[in-house]
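Visitor: For the sequence shown, position 13 (counting from the first letter as 1) is numbered 27 according to the numbering used here, and the numbering increases by one without interruption.
All C-beta atoms in this analysis are idealised placements derived from N, C-alpha and C, irrespective of residue type, glycine included.
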Amino acid sequence: MNIRRSSLQWRYTTAMVVVFMLMLILTLGLWFQQMSGERQTFEIARQSTQSLLRAQLRQSGEAQVHQLADSLANPLYFFDLEDVGNLARDAKRAPNVTYVLVYDPQGRILHDGSGDIPAYGRPMQDALASRIVAANGPMVLQAGERIDVSRPISVGNERLGGVRIGYSSSAAAQAEEETLSGLRSRLSEVSRRGLWGLLLMCLGLAVVCVFGAVMIQRILVQPIRKLADAAREIESGNFSSPVPVAERNDELGDLVHAFEHMRESVARHDRDMRRAAYSDALTGLANRLAFRADLEQRLREMHGTGCQLALLFADLDDFKGINDTLGHEAGDDVLVQTAARIEHAVAQKDGARTLVARLGGDEFVILLEAVAGTDLRGQATRIAEALVHDLAQPLLLHGRRLVLGTSVGIAVFPDDANTTSQLMKCGDIAMYQAKFAGKNCFRFYSRAVDEDAMQRLRMEQDLRGAWERGEMSVVYQPIYRTRDRVLVGAEALLRWAHPVEGAIAPEAFIPVAEQSGLIDEIGEQVLALSCREAAQWPALADGSRPFVSVNVSGRQLRSSGLFAQVTEALRKSGLAANLLHLEVTETAVIRDVAHAADLLSKLRNLGVRVWLDDFGTGYSSLNHLRRVQVDGLKIDRSFITDLLDDPGDLALTSATMAMAHSLGIVVVAEGVEQRGQYDLLRERDGDFVQGYWLSEPLAAVDFVRLLG
Ligand code: C2E
Ligand code: MG
Ligand code: MG
15 MNIRRSSLQW
25 RYTTAMVVVF
35 MLMLILTLGL
45 WFQQMSGERQ
55 TFEIARQSTQ
65 SLLRAQLRQS
75 GEAQVHQLAD
85 SLANPLYFFD
95 LEDVGNLARD
105 AKRAPNVTYV
115 LVYDPQGRIL
125 HDGSGDIPAY
135 GRPMQDALAS
145 RIVAANGPMV
155 LQAGERIDVS
165 RPISVGNERL
175 GGVRIGYSSS
185 AAAQAEEETL
195 SGLRSRLSEV
205 SRRGLWGLLL
215 MCLGLAVVCV
225 FGAVMIQRIL
235 VQPIRKLADA
245 AREIESGNFS
255 SPVPVAERND
265 ELGDLVHAFE
275 HMRESVARHD
285 RDMRRAAYSD
295 ALTGLANRLA
305 FRADLEQRLR
315 EMHGTGCQLA
325 LLFADLDDFK
335 GINDTLGHEA
345 GDDVLVQTAA
355 RIEHAVAQKD
365 GARTLVARLG
375 GDEFVILLEA
385 VAGTDLRGQA
395 TRIAEALVHD
405 LAQPLLLHGR
415 RLVLGTSVGI
425 AVFPDDANTT
435 SQLMKCGDIA
445 MYQAKFAGKN
455 CFRFYSRAVD
465 EDAMQRLRME
475 QDLRGAWERG
485 EMSVVYQPIY
495 RTRDRVLVGA
505 EALLRWAHPV
515 EGAIAPEAFI
525 PVAEQSGLID
535 EIGEQVLALS
545 CREAAQWPAL
555 ADGSRPFVSV
565 NVSGRQLRSS
575 GLFAQVTEAL
585 RKSGLAANLL
595 HLEVTETAVI
605 RDVAHAADLL
615 SKLRNLGVRV
625 WLDDFGTGYS
635 SLNHLRRVQV
645 DGLKIDRSFI
655 TDLLDDPGDL
665 ALTSATMAMA
675 HSLGIVVVAE
685 GVEQRGQYDL
695 LRERDGDFVQ
705 GYWLSEPLAA
715 VDFVRLLG
């Protein structure tokens with residue numbers, strides 16, 4: 015029997031042992047008390063027997079001495095020694111008599127019951143003699159084991175002497191002993207029976223204790239222990255095994271029923287909580303937690319089996335813009351529609367075990383599992399293509415058509431990584447690779463470009479707060495009127511002096527700032543600073559004021575805040591609206607022509623000039639120029655570079671200038687590095703020029719000096 019400390023059974027056993035010990039002590043106490051009572055009873059009996067027997071002896075002695083004294087009076091009076099002798103001898107023959115002495119008034123012995131009386135005439139010399147002789151009446155004296163009874167003998171007033179009889183008390187003692195031994199054996203018989211009774215009682219109690227312990231063990235301890243085991247099972251998350259306690263119709267049965275109900279409700283709650291914890295509330299897809307758990311389990315199962323797994327990491331392009339411009343409700347709507355499209359696209363490509371999850375924000379993942387020998391990469395490619403295609407279809411949002419792209423990164427187990435975290439990291443990097451590749455496409459993870467992607471991620475980190483830390487500045491590249499080479503304005507160009515890497519080219523960091531959304535804040539700062547500085551520039555020789563031309567990224571163009579930023583920058587700096595030029599690229603305009611046209615026309619209504627930058631590198635479709643009203647075109651540097659050597663470039667540039675002029679649009683030529691280029695542009699009626707041949711970008715103070 016396993017008795018544990020502080021268990022119910024242990025406590026019961028301890029209590030029973032204590033009770034048993036108390037009973038034992040009580041029993042022993044009772045027994046000892048009985049023994050001492052017995053001893054006292056015996057002593058009292060002994061004493062009373064003894065005094066009874068002694069009183070009896072004395073009484074019979076007194077009667078005998080009295081009778082003998084009466085009988086001796088006459089013979090003594092006549093001094094008939096023969097009669098005295100006969101009477102003395104008769105008396106001596108009585109039981110217990112040890113001596114008989116008849117004496118004269120002086121205490122001399124007259125007769126002692128013997129034949130020849132050897133002591134005749136001798137005075138009595140024992141210790142009692144003097145008192146006996148002096149006594150006037152009967153006397154009983156004790157001397158050791160002997161009782162001496164005496165009586166004086168007188169006739170009238172004449173004292174004739176006396177008689178003494180000695181009785182031995184040993185006979186009385188023997189009689190006493192015989193009487194008491196019977197009593198003793200009776201008493202010990204009674205105490206033996208009492209002891210047996212007590213022992214039987216103790217034994218009975220012990221049996222009751224053991225029986226009680228067994229019953230408690232079976233009725234209470236065992237079921238409670240099983241309940242405790244079942245509770246531990248529940249605690250460890252096993253809700254399926256029923257409580258192994260037999261049906262009972264008592265309080266414990268009620269407890270077991272209550273426990274069963276509790277187990278079922280805990281199991282139900284657990285299921286609900288798991289469902290809630292493992293699913294995404296918005297889309298109903300598995301969430302990050304469920305996805306990680308599933309991926310971990312799959313990877314565990316797949317190790318060494320030759321099976322493969324692809325992780326598709328999908329991220330909506332520019333989703334933040336939706337939240338910013340249309341609000342979070344619209345953003346949620348987009349996510350729900352996207353989730354449904356992803357599920358649909360994945361369901362179409364059957365044949366593999368798949369899982370679709372939303373990791374959070376606009377990030378979705380798809381797990382694709384394939385047995386050894388299957389073309390997993392082919393399957394992943396087909397799904398990724400379907401995703402990119404399906405998600406690029408216009409979404410209907412409160413009656414508005416919205417086109418969003420998706421970038422998908424694909425990582426494959428075990429080729430790219432073999433742990434959950436690594437695989438997710440690779441998927442994430444691959445997704446970034448897709449973003450950097452121009453968005454709305456998919457990319458398989460590649461170790462070679464991994465480093466490149468990481469560098470971009472690092473750059474994004476470094477870019478955060480770079481303006482506030484004073485690492486960024488704006489330089490101004492002079493722009494001249496072609497006709498007379500008069501300085502008329504400048505293009506504001508952003509510079510970043512990285513604290514470790516040094517100067518980083520805008521071509522390297524502007525795309526990162528755009529992709530991460532940081533351009534929204536940085537662009538606003540560039541705009542504000544450029545306006546502030548340009549407002550301070552001195553007037554030109556002809557009295558007119560120089561303009562400043564600020565680059566605006568596609569992302570800024572799509573965000574809702576640009577118009578407010580421009581008006582705010584103008585208001586704060588006091589710069590005239592017509593002295594601010596905004597350079598937008600063709601590609602940025604084409605992404606959402608309607609929106610761009612609307613915004614740019616509002617800006618032009620303010621008086622701000624809009625120039626189309628990098629013209630010729632994108633779609634170069636003058637068709638757009640009809641819908642999006644601009645004030646100028648900046649012919650890209652790549653056309654100017656080969657202007658003198660490549661007749662094609664010259665023809666294109668000349669045609670662009672002619673067409674622009676026919677639409678009333680001015681033309682700016684960028685990247686003029688040689689005198690010949692400048693001369694040619696002047697010949698062909700180019701309006702403005704900008705290039706290293708004229709001036710490199712200058713720090714603000716140097717530009718003011720140039721104006722000076
Ligand atoms: P962009 O707007 O086309 O700017 C002209 C670029 O050509 C500038 O490069 C300028 O330094 C360079 N350039 C001018 N003349 C010559 C020349 O004779 N020869 C050569 N080889 N290059 C010349 P930068 O400053 O490196 O800027 C590169 C691009 O970065 C800009 O192209 C623009 O798209 C972007 N960028 C610069 N600053 C900003 C900004 O504040 N906001 C935005 N959104 N983009 C900016
Ligand atoms: Mg520019
Ligand atoms: Mg340009």
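For the segment 472-482 and the segment 685-693, state whether three or more C-beta atom pairs, one from each stretch, are separated by less than 8 Å.
Guide: no
Visitor: By the three-class DSSP mapping on this structure, what secondary structure does Phe717 have?
Guide: Three-state result, Phe717: helix.
Visitor: Under 8 Å between the Cβ atoms of Asp331 and Ser573?
Guide: no
Visitor: Taking 8 Å as the threshold (beta carbon to beta carbon), is Gly267 in contact with chain B?
Guide: Of the chains in the structure shown, none is chain B; there is only one protein chain.
Visitor: Using 8 Å as the threshold, is the segment 622-632 in touch with the segment 647-665, meaning 3 or more CB pairs across them?
Guide: yes
Visitor: Which term fits Phe46, buried or exposed, when burial requires 16 or more other beta carbons within 10 angstroms of its beta carbon?
Guide: Counting the other CB atoms within 10 Å of its CB gives Phe46 a total below 16, which places it among the exposed residues.
Visitor: Among the candidates Ala527, Leu313 and Thr395, whose CA atom is the shortest distance from the CA of Gly450?
Guide: In the sequence as presented, Gly is not what sits at residue 450; that position holds Phe. Nearest of Ala527, Leu313 and Thr395 to Phe450, Cα basis: Ala527.
Visitor: Ligand 2: which residues have Cβ under 5 Å from any of its heavy atoms, chain order?
Guide: That gives Asn565, Glu597 and Asp627.
Visitor: Would Thr599 and Asp645 be called neighbours here (beta carbons separated by less than 8 Å)?
Guide: No. Outside cutoff.
Visitor: Buried or exposed: where does Tyr117 fall if 16 or more other Cβ atoms within 10 Å of its Cβ makes it buried?
Guide: buried
Visitor: Roughly how many angstroms lie between the CA atoms of Leu477 and Ser544, to the nearest whole one?
Guide: Leu477 and Ser544: Cα-Cα distance of roughly 20 Å.
Visitor: Could you pull out every unbroken alpha helix (DSSP H) segment of at least 4 residues lying fully inside the segment 125-192, listed in chain order?
Guide: 143-148
Visitor: Between the alpha carbons of Val360 and Phe378, how many angstroms are there, rounded?
Guide: 12 Å
Visitor: Can you give me the C-alpha to C-alpha distance between Lys616 and Arg641, rounded to a whole angstrom?
Guide: 14 Å
Visitor: What does the Cβ neighbour count give for Asn619, buried or exposed, with the cut at 16 atoms within 10 Å?
Guide: exposed
Visitor: From the DSSP output, which residues share a beta bridge with Gly516?
Guide: His512
Visitor: Can you tell me where the alpha helix (DSSP H) holding Phe305 begins and where it ends?
Guide: Arg302 to Met316
Visitor: Looking at the unbroken alpha helix (DSSP H) that takes in Leu269, where does it start and where does it end?
Guide: Glu265 to Tyr292
Visitor: Can you name the start and end residues of the alpha helix (DSSP H) that Gln64 belongs to?
Guide: Leu22 to Tyr91
Visitor: So does Gln704 have its beta carbon nearer than 7 Å to some heavy atom of ligand 1?
Guide: yes
Visitor: Quick check: the Cα distance between Pro152 and Glu76, rounded to an integer number of angstroms?
Guide: Those two C-alpha atoms are separated by around 8 Å.
Visitor: In the structure shown, what three-state DSSP assignment does Pro625 receive?
Guide: Here residue 625 turns out to be Trp, not Pro, going by the sequence shown. Of the three classes helix, strand and coil, the one that applies to Trp625 here is strand, per DSSP.
Visitor: Determine the DSSP secondary structure at Thr655, reduced to helix, strand or coil.
Guide: helix
Visitor: Quick check on the DSSP output: the beta strand (DSSP E) that includes Pro492 runs from which residue to which?
Guide: Where Pro492 is concerned, the enclosing beta strand (DSSP E) starts and stops at Met486 to Arg495.
Visitor: Comparing the CB of Ser574 with every heavy atom of ligand 1, is any distance shorter than 7 Å?
Guide: no
Visitor: With 16 as the cutoff for other CB atoms within 10 Å, does Phe427 come out buried or exposed?
Guide: buried
Visitor: Rounded to the nearest angstrom, how far is the Cβ of Gly394 from that of Leu382, given a contact under 8 Å?
Guide: Here residue 394 turns out to be Ala, not Gly, going by the sequence shown. About 6 Å separates the two Cβ atoms, so the contact holds.
Visitor: What residue does the alpha helix (DSSP H) around Leu541 start on, and which one ends it?
Guide: Ile533 to Gln550
Visitor: Does any heavy atom of ligand 1 sit closer than 7 Å to the C-beta of Pro520?
Guide: Pro520 Cβ: within cutoff of ligand 1.
Visitor: On a Cα-Cα basis, can you pick out the residue from Gly43, Ala713 and Gly158 that is closest to Tyr490?
Guide: Ala713
Visitor: What would DSSP say about Arg605, mapped onto helix, strand or coil?
Guide: The answer is helix: DSSP assigns Arg605 an H, G or I state.
Visitor: What separation, rounded to the nearest whole angstrom, lies between the Cα atoms of Arg497 and Asp612?
Guide: 33 Å
Visitor: Quick check: Val280 and Leu241, are their CB atoms within less than 8 Å of each other?
Guide: no
Visitor: Is the segment 524-543 close to the segment 566-583, with three or more CB pairs under 8 Å?
Guide: yes
Visitor: Count the C-beta pairs between the segment 452-459 and the segment 344-362 that are closer than 8 Å, then say yes if the count reaches three, no if not.
Guide: No, they do not touch.
Visitor: Between Ala511, Trp625, Leu40 and Gly129, which lies nearest to Ala674 when the distance is taken from Cα to Cα?
Guide: Trp625
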